[in-house]
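Participant:
Residue numbers (the working numbering): 1 to 241.
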């Protein structure tokens, strides 16, 4: 539908951007005429015809669309995996692997493991006594908290084959393609309320600073170091004792 503020004789372009706030993906959009859009890409002060302006704007639009689709796909496929020291619940202190793509093995010792930003087409797996090659002990879909202790690695894969993946007939969608190290520290008092997450490439080194703190001291430390408070609620607990 053409926006009422624009002429019916103009072409129109919809610009979209993705905003992620409080773990909710929102699409923000705006209508502009191609004559307006062409102003962004037109080389001054060279005179061009209206037809050339429209063609230039259309070319720009064709570049924007795949960029938008790629960005949305990347965000939608990102999953956070958290390894907690607590063996009975996904709470307390732990390491986070933020924005992990499918088939990336996350290696860390954990008493419990949380997978968040999951859905019915994303399947998680956890392992004991090694990497993501053998000794699998659990698998499920959704925002899962695995408890029971002794976890050493985990990853997720796309369990619903999408059209974009069907051409890769030789690909094993359940096999890990790479390995990752922790990218942040986490502290969770109550998973139903949320968690403090501090993203850092020095997560392992920073953990020594908080290991002997009280819960109140940990909260203050995370706040002082610029941590964000995010939703880490789970839909199911899986006991692997």
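Beta carbons: idealized from backbone N, C-alpha and C, even for Gly.
State the start and end residues of the unbroken beta strand (DSSP E) segment that holds residue 199.
Facilitator: Reading the chain shown from its first residue, position 199 is the one you call residue 199. Taken as a continuous stretch (DSSP letters only), the beta strand (DSSP E) holding residue 199 covers 194 to 199.
Participant: Out of curiosity, what's the CA-to-CA distance linking residue 122 and residue 214?
Facilitator: Translated into the one-based positions of the chain shown, residue 122 becomes position 122. Translated into the one-based positions of the chain shown, residue 214 becomes position 214. Taking the straight line joining both Cα atoms gives about 36 angstroms.
Participant: Spatial neighbours of residue 116 within its chain, please: CB distance less than 6 angstroms, with the 5 preceding and 5 following residues excluded, ordered by chain position.
Facilitator: Locating residue 116 in the chain shown gives position 116, where the first residue counts as 1. So the qualifying residues of the chain are 80, 143 and 232.
Participant: Whole-angstrom Cβ separation of residue 199 and residue 183, contact assumed at under 8 angstroms?
Facilitator: By 1-based counting over the chain shown, the position of residue 199 is 199. By 1-based counting over the chain shown, the position of residue 183 is 183. Their Cβ separation, rounded to whole angstroms, is 6 angstroms, which keeps residue 199 and residue 183 in contact under 8 angstroms.
Participant: What's the C-alpha gap between residue 239 and residue 191?
Facilitator: Sequence index remark: in the chain shown, residue 239 carries index 239 (1-based). Sequence index remark: in the chain shown, residue 191 carries index 191 (1-based). Roughly 16 angstroms separates the two Cα atoms.
Participant: Let me confirm a value: residue 201 is counted as buried when at least 16 other C-beta atoms fall within 10 Å, else exposed. Which label applies?
Facilitator: As a position in the chain shown, residue 201 is number 201, starting the count at 1. It counts as exposed.
Participant: Where residue 92 and residue 227 are concerned, what is the direct C-alpha to C-alpha distance, given to the nearest angstrom?
Facilitator: Position 92 of the chain shown holds residue 92. Position 227 of the chain shown holds residue 227. Between residue 92 and residue 227, the C-alpha separation is close to 15 angstroms.
Participant: Out of 176, 146 and 149, point me to the one whose CA is closest to residue 158's CA.
Facilitator: Numbered from its first residue, the chain shown carries residue 158 at position 158. If we check each option's Cα against that of residue 158, 176 comes out closest.
Participant: Whole angstroms are fine: how far does the CA of residue 87 sit from the CA of residue 250?
Facilitator: No information on residue 250 is available, as it lies outside the stretch 1 to 241 that the chain covers here.
Participant: Which of helix, strand or coil does DSSP assign to residue 136?
Facilitator: Locating residue 136 in the chain shown gives position 136, counting from the first residue. In this structure, residue 136 counts as strand in the three-state DSSP scheme.
Participant: Relative to the C-alpha of residue 241, which candidate in 220, 174, 127 and 98 has its C-alpha closest?
Facilitator: Stepping through the chain shown from its first residue, residue 241 is reached at position 241. Selected option, being the one with the closest Cα: 127.
Participant: Please return the same chain residues whose Cβ sits closer than 6 angstroms to the Cβ of residue 138, not counting the five positions on each side in sequence.
Facilitator: Here residue 138 refers to the residue found at position 138 when the chain shown is read from its first residue. Cβ within range, chain order: 126, 146, 238 and 240.
Participant: Ignore the nearest five residues each way along the sequence and tell me which others in residue 161's own chain have a CB closer than 8 angstroms to its CB.
Facilitator: Here residue 161 corresponds to residue number 161 of the chain shown, with the count starting at 1. 173.
Participant: Check each candidate in 179, 134, 129 and 219 and name the one with the smallest Cα separation from residue 185.
Facilitator: The count along the chain shown starts at 1 and reaches residue 185 at position 185. Nearest option by C-alpha distance: 219.
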